[in-house]
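These protein sequence lines are chains H and S, in that order.
For reference, each letter of the first sequence is one residue, going 1 to 171 in this note's numbering.
For reference, each letter of the second sequence is one residue, going 1 to 1263 in this note's numbering.
Cβ atoms here follow ideal geometry from the backbone N, Cα and C, with glycine treated the same way.
The structure appears below as C-alpha cells.
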Amino acid sequence: MRIGTSKELGNSLEHLSSSYSQPWLVRELLALESLGKQYVQQKPLGRMSIANGTYQDNPLHISLFPPYTDATIEFSFLLNSCLDIFEIRRKQTSIDQDLGLLHAIDERLAAYGWLTTTGVKLLIIVDMFGQESVSAGKPTGPAVSGLRDSDLKPVCGKRPSPSLPVLMANP
Amino acid sequence: MDAYPQDYVNHNLPLVLLSGLEADAEDGSNPTVDYPLLAEKGPKIFSDFPPLSGSVAEELRRVLLEEDGSQMPWKAGLASSGNPSSPHITYRVRSSGRSYQLPPRKANPPKTSAPTSPTIDSDGTPSGSTTPYVLHSPISPLSPGSPTFPDGLLTPWWVTKHQELVPAAVINFFPFSLDPNMNSLRDNQLKIEINSLKKEWASSGFKTRFLVVLISEDGDGGYEGEIDDRVAGIRRATNLDQKSIFVIPPDATPSELKDFVKSLFSLLQPSVVEYYRDLSKHARRKRNRSSIPPPTAPPTTGTSQTLSLQGWNVRYEFKLGIFAEFRQEMDAACRNYESAYETLFGQEVFENIAGWDPRFNDARLLGDALAIRIIRCLMWTGQTTSATRFWVDHRIRTKDIVNRRGKGSKNYGWEAWEARWSSVMAQLIRRAEISLPSPEASGDQSMAMSSIFHPPEKSIPTGERVNPWEHLHHEGYWLYRSAKHTMVRREFALQIPNEDRMSPGQSPASQIANKSYLYDTYLAPETHIEAPQSGEGGFNHSELILSSLKAALAEFSKRQQTRQVERLSLEIAEEYMRIGSWSEAYSILEPLWSTLSWRKSGWWFLMENFGRVLRESAVRKQESETVLRVDWELLNKVFPSRPAWHYDIHKSLENLPAEKPKPCVVLRAEDVMTSLTASIVFEKSEGNVGEPLQAQLIISSCAQKASAPIRLSEVKLVFEGCLRPVKLQSDQNEDADTSSPCCISSLSLREASSAGDIQSPTGVLATLVGVADLTIGPSQTKVYNLTCIPREAGEAQVASITMSVDEEKFNLAYVITDHGLRDAYWWQETKKGLSRRRVGKDRDTGKCKIMPKPPKIRISTPNLRETYYTNERVALKIGIHNEEDEGADVSAEIRLFGSPESTAKLQWLDGSSNPPSSGTSSPTEGPSHFLKQTIGVMERASDKELIVVLADTQDAAKYSLEISAVYHVVSDVQTPIMKVITVDLSFIRPFEANYDFKPSIHPFPWPDFFSVSDELIRDDPVSAPGGLSQRWCLNSKVVSFALEPLIIDQMSLKLLTLTGGAVSTINPEVLVSPETPHISPEELRESNFFLDIQKITLGDRRPAALNVALEIIWRRLSDESTAPSESDPEVNTTTTILEIPRFVVPMGEPRVLASSTPSTSFPGLLHLEYTLENPSTHFLTFNLMMEASEHFAFSGSKTTVVQLVPLSRHTVRYNILPAKRGLWIQPQLVVVDTYFNKSLRVLPTGEMRADKKGILVWVDADD
C-alpha cells in the first residue's frame, strides 16, 4: 500500500472533481480509495438544531468500502464512539477544525475527525493495514509505518465550495 | 497477567528481611513459595532468641512494613530529596521470625553415577568436596532433575529465588537492656547470638547484608556515653561495621521511628545496590566466558541436546536485566532484556525449538516475560509510543513464530494469548499509573488528547510516521480488545470437533497425540476443558469476556466516553443473555435505555439493536413495562424494520402472563421516541370569553409501515390557563379508516356526566368529553376539530396531551408536555381534498390569549346630528340596549370633553344635573360636564332611553361626548363590564350678519315754539320725553351659515343700552327679502328696523350711544316632523343673538336729509326734498345751490339761502325730470353753513344711496 503525499491527494481530488458531478463527499471518498486505502469511511455528522442550540449528532452519510461493506452495524458503533471524543475535545479551549487523530480502535483501524464551522463533523476511519499481505518467513508489520495527520488534511482541506448546500440539504 | 508466574513478570524490588520482630502470619512459613529442594537441602538460619515485643517493636514493625514497595506503581519514584538522578529504591520488606529457610545453592547429585569431567563449577565457587559431581543450582539446566535440564532456557523459580527467598539484606532486631544490673550479661548474650547468626548467614553462601538494630528496653538507661560504649563493645565483638548497627531509644515516638526507618533504608541503599552489582558481575563474567558449561550429568532421557550458547546468553542477559531492575536501573535493565529478547527470537534459540516440544511454550513464556519487562521499562521511562510499538512487535513476532514453528494462529490457544496480551497491556498501563488526566482537569488540547491516548514521546522525531495505535491509548481500549479476542477464542473453541473434546481418559491415545499437534495449549487449557463435550464445567469464556468488558467499561466511563459505554453495556448484556443471565442483562440495559445518547442523536440503527436486546431480556424477565416501552419506541419508522417482526403494540404482551394489577406505563414525550405525535393548534392567537374557540388536535403516526394500527382508548388534553380539559374517547369502531393518509373529523364536546366524573380538588374545571375515531394507522394523520368555549380571560396554553392505550393486559399512556415550536398547520377540507396551510408563523400555536368577555350592551345615539349650532339646546337621545343573555345592572355615565372653560352645560332632560357629591368627575371637568345615572337592572333584550341636554353652547367648538355604560350581568356580580362610546359634537354659528344704520326723516313734527304741550309744564319731567326725535333705519343682512334650511320664527332688535339721555322706540322687523320664514344655507335675509330716538330734554345736544342686538328665533326645519315634543315648540326653537356694533347718534348737529318721491301725476318726475334740520339753539344760515346736471332737469331755486331758527327744520323741494330712465342720477345740492363756512353733507334716506360725491337717486324705468 502506498500513501500519497498531500499533493498527490490534492491532485487526484481535483482530477476527480472534474470527472464527477456527484457531491464532494463521493469525490473525496473515491479519491482516498484510489490511493489504495482499503477502507475509508467518511461521515459528516451533526446539525445545528435551532430549537435547543445543541448539536444533534445524527448520521448524515455513511459509506463503507470493501472489504467492510457488510459491517454496517460494527462501523456504526465505531463511528458513534468517535463522537465521544468530539465531545471531549470540544470542552477544551479553541479547537481547530482539524481534530486529527481521534483514537485508534485497535492496531488496524484509526479514526480521524474534522469539524466544520457549521458544526458538521466529518469522520474518516482508515484501515492501517490495507490488504493483508502475509508472506511466510518474514514478520509482517503494518503495511504503513504510520500516518501523519497532515496526510489526511487534503481530504477535507480541498473540499470544494459546493459542499455547503449539500450539507444543508441534509435533514 | 495472572496467567504468568508472578515473579516472572512482576517488577523486582530488593528483598529486605526483618528478623526478630513478630513474623507475619503468611510470611512465617513461606507456604506460597515453591522451590525445589527448599526444605530438604536449603541452609536454615536458626535462632531460638525470642522475638521482640512491646509497643516500640510493634510500631517499628508497622513502619517498616509500610515501606514495602511491592504495591507501588511501576514508575520512577522520586527520591525524598526530589533528585531524580539518584532514585530512591523501594524495597520488598518481609518480616520473619528469627529462623529463616534459604534456598539450596546446589542440587542433589544425580542418583546414578556418571562420568564427569573435572571442570570448574559453573558458579565459580569451589565444588563440594564430598562428591565427584560438579553440582549446580537445582534450577540450572546443568543439574539433572532441574526443570530446565538439559536444554531449558529459564524457569520462573530463578526470579522467585531472588525476589522471595534470598534477601539482599537482613535486619536483625534485638533487645538492648538498660537495666544496669543485667547490662553485661545481656550484652554478652547479644554478642553470642549475633555472632552465631552472622556465621550462619555467611555459611549459607549468600552475601546478604547483615544489619543489627538494638531496641532499648525500658529502664533508666544510664548516661549516653555508657550506651555508646556498650554498643561499640558489641560491634567490636561481632565485627560489624559502624553502619550496620543501630540503637533505638526506649521512648521513641512514631515520628522518630519513621525518620529512623527512612534513614535506615537510605543507609541500606548503597549496600543493597552493591549486593546486586556483585550478582550482576558474576552473571556477566559467566556470559563473557562464551562457552557452554557442561552439565552435572549428561542427559540420559529424551533428547540429548543441551542448551545452546545463544540460549545461555539469553539466560545471562535476563539475569543481568533482573539484577539491574533490582537496582532500579531501568535503562540498563531494558538494554539487557532487549538483548535477551533479540537473542531469544534470533536464529539459534526459538528457531531451534520444535513446536511440539514443551520447551517451545517455555520459550514463549520467557518471551512474554521479557516483552512485559521491556514494556514496563519503556513505560517507566515514559516512552509510551515505544512501549506500544514493542507490544505490537511482540505480537507480530509471536504470531509469526507460532505460525511457522508452532500450531498456528487459527485456534483458540492463539486467541487466548491475544486476549491475554491485550489485558497484560492494560494491566501494565494501570500499574505504571500513566497519567491520563481526566478531561476536566486538563486545559490545553494536548492534554485533552491524552485523556484518550498519549502523544508520542519527545524522543520520537516529530516528522516520523506514528501509527495511530502507537499512541498509547488508555486501558479501556486494551481491555476491550482483549474481550474481543476472547470472543473469537470462544468461536474457535466451539469449532473443536467432538472427538477432541473428550477427556484424556476417554479418548484413545492416538487421538491425544494428535491433539497435541493440533491445539495450542500455551497458557490455555486442553481441549476437553476449553470446550468439554458435556458442555459443563469447562472454561468459562463468558466470565472472562464479561470481566474484560466491565473493566473496559469502567475505564471508558471514567473518561466520559458515554457512547462507548453504551456500546459496551450492550455487549455485556448480550454476553449475559448468551449465558442466560437475563436479569443481569436486563439490569445493565434498563437504566441506560431512558438516557440513551443514540436516541438523542438519531443513531436509530444502534438504538434498534439496543432495544431488541433489552426487549428480549425484558421478555425473559417478564418485565412487561419495559417490553411496552421498547415496543412503543421501536414502532417508529425511523428504525430499520425487521421483516419477521409483527409490529403491534396491542399484542406486545401477548406472550407474557397477565399480571395483576395490570402494568401501567406512562411515557413522557421528551424521553422516548414515539410512534404517535400529537399537537394542538389554535386557529387564532386570540379568543374571547364565552365565544367558541377553534382548535385542532392533530395526531399523526410515524409507525412502521407494516405495523398494525394503534387503537387509542382515549386522548386527554389539559390546558394551562382557563380552558377546560378535554377528553376524547374512542368510539370503539372496529373498522375505522386506517389507510387514508389524513382524516378530519369535527367533534362535539359535552359535559362529562357528573356520575363518572369525580373532580379532583385541584381541578376546578370540569372535563369536556367527546367521542372520536382514535384508531391511527401507520403514517396516518387524524385531525380533530375542537370547539371550546373559554370561561375566563387569560393565557391558555396546552399543558399536556395524553394518549392512552387501554388493553386487557396493560395500560399505556403517552404524555406530551413539551410543545416545542414546530411548524403548525391548519387542516381544511377543500375542493381538492384535504389540504393544510401554514398557520401561526410568528406565534406559538399552542397558545391562545383569551380576552375578557366583550360588552354586549349596545349604546346608540339615534338623533345625533352632524352639526349643532351655537346656543342650540341639544337634546341627545341615548339608547342603551341590553343584548346580553341575561339581565344586567347598568349605570350610565356621560362625560363632555372639549374646551373645559366653555359654558356649555350638560344636564338631564328634566334639568337636573348631577349631585355635586358624585365624586367621579375629575377635578378638571366641572360638574356641568359630567352626568351619571344608575339605570338599574335591565332585563334581557330590553332598551332604555336617556336624554341628555347640552345647552348654553356659546362658542363654536367641537365637543366630544363619552357615553359609558358600566354594568354587570345579574349572574356574575364580580365582573364589571364597561361599554364606552364616544360621539363628537361640533357646534357652529348658524348666522352671521351685516348692519347698516341709515338716517330717516321722522314723520312727526318737531316741537312748536308757539304751542306748549301740557306735559312740558308739568312737574314730572321724566314722564314723557320732550326732546327732539330722530328716526334711524337699521338695515340688517343676515346670512345663514347653517348646513340646512332653517325656519326663522322671529327676528327682532333688542335694545341693550342707550346712553346720552335719550329714549328709543324700536319698531318691528320690516322684511325686505325674502318673503318666507325659511332661510336656506348661505341665503341672505335682509330686513329693516326703524328706531326712533328721542331726547328726553329739549336742547340736550349730547350724542346718544346705542347698543342693540339682533335676536333671531329659529328652529330646524326637520324638527317639525321628527321632534317628538311637537306640542312644545319652545323646546325646539333656538334664540340666536347677534351683537350689533355700537352706534352713536349725533343729536345736536345740523343735518340735511334728502328724500325723493316719484310724482304720482307725471311719470318720470321726481320730487326731491331736502330737509334741513337745526337741532341746535343757534340761528343758522345755509346757502343752498343746486348744481345743474346733464342727466336731469330740475325746477326749484337754483340758489337760495335758508335761515333756521334754533330747534327748527325746513324742507326745500325740487322737481327733477331725468333725461334718461332706469339709472341712478346724482343731484348735487351744495349746502354751506355760512356761519362756520362749512358745507354739510346731504344724507340719503329711504331708497336713496350715497357715494363720495353725494346722494344717488334711482330713476325708475318706464312702466
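Chain H contact for residue i (CB, 8 Å cutoff)
| i | result |
| --- | --- |
| Thr817 (chain S) | no |
| Trp603 (chain S) | yes |
| Leu606 (chain S) | yes |
| Leu17 (chain S) | no |
| Val392 (chain S) | yes |
| Thr674 (chain S) | no |
| Pro468 (chain S) | yes |
| Trp598 (chain S) | yes |
| Gln622 (chain S) | no |
| Thr562 (chain S) | yes |
| Asn12 (chain S) | no |
| Asn609 (chain S) | yes |
| His454 (chain S) | no |
| His471 (chain S) | yes |
Bridge partners - residue i, DSSP secondary structure assignment
| i | result |
| --- | --- |
| Cys702 (chain S) | Cys702 (chain S) pairs with nothing; no bridge assigned. |
| Ser804 (chain S) | S:Glu714 and S:Ala813 |
| Arg1209 (chain S) | S:Glu1173 |
| Arg1151 (chain S) | S:Glu1173 |
| Glu795 (chain S) | S:Lys849 |
| Trp908 (chain S) | S:Val948 |
| Lys44 (chain S) | S:Gln101 |
| Ala875 (chain S) | S:Val949 |
Within chain S, partners of residue i - CB distance below 9 Å
| i | result |
| --- | --- |
| Ser63 (chain H) | Result: empty, since nearest Cβ-Cβ is about 14 Å, beyond 9 Å. |
Contact belief for residue i with residue j at Cβ below 8 Å, rounded distance in angstroms
| i | j | result |
| --- | --- | --- |
| Asp68 (chain S) | Tyr91 (chain S) | 7 Å |
| Ser255 (chain S) | Leu320 (chain S) | Going by Cβ atoms, the distance from Ser255 (chain S) to Leu320 (chain S) rounds to 40 Å, so no, they are not a contact pair. |
| Leu17 (chain S) | Arg98 (chain S) | No, Leu17 (chain S) and Arg98 (chain S) are not in contact; Cβ-Cβ is about 11 Å, not under 8 Å. |
| Pro455 (chain S) | His471 (chain S) | 7 Å |
| Tyr337 (chain S) | Lys161 (chain S) | Contact flag wrong, Cβ pair sits at about 19 Å. |
| Val949 (chain S) | Val874 (chain S) | 7 Å |
| Ile857 (chain S) | Ala965 (chain S) | 5 Å |
| Tyr522 (chain S) | Thr296 (chain S) | Not confirmed; about 29 Å, so no contact. |
8 Å Cβ cut-off: residues of chain H touching residue i
| i | result |
| --- | --- |
| Thr830 (chain S) | None at all; the shortest Cβ gap to chain H is about 28 Å. |
| Ser451 (chain S) | Ile88 |
| Arg481 (chain S) | Asp106 |
C-beta neighbour in chain S for residue i, strict 8 Å
| i | result |
| --- | --- |
| Asp84 (chain H) | yes |
| Pro67 (chain H) | no |
| Asp106 (chain H) | yes |
| Ala71 (chain H) | no |
| Leu115 (chain H) | no |
| Leu101 (chain H) | yes |
Reference residue i; option with closest CA among the options
| i | options | result |
| --- | --- | --- |
| Arg843 (chain S) | S:Tyr825, S:Ser339 and S:Leu774 | S:Tyr825 |
| Gly1148 (chain S) | S:His650, S:Pro1163, S:Leu1028 and S:Ser547 | S:Leu1028 |
| His881 (chain S) | S:Thr861, S:Tyr868 and S:Leu153 | S:Thr861 |
| Phe46 (chain S) | S:Glu200, S:Ala57, S:Val93 and S:Pro175 | S:Glu200 |
| Arg1249 (chain S) | S:Ala324, S:Ala1154, S:Ala283 and S:Ser960 | S:Ala1154 |
| Ala708 (chain S) | S:His650, S:Arg105 and S:Leu428 | S:His650 |
Contacts of residue i in chain H (Cβ-Cβ under 9 Å)
| i | result |
| --- | --- |
| Pro709 (chain S) | Residues of chain H passing the Cβ test: none, with the nearest at roughly 27 Å. |
Contacts of residue i in chain S (Cβ-Cβ under 8 Å)
| i | result |
| --- | --- |
| Phe77 (chain H) | Arg567 and Leu606 |
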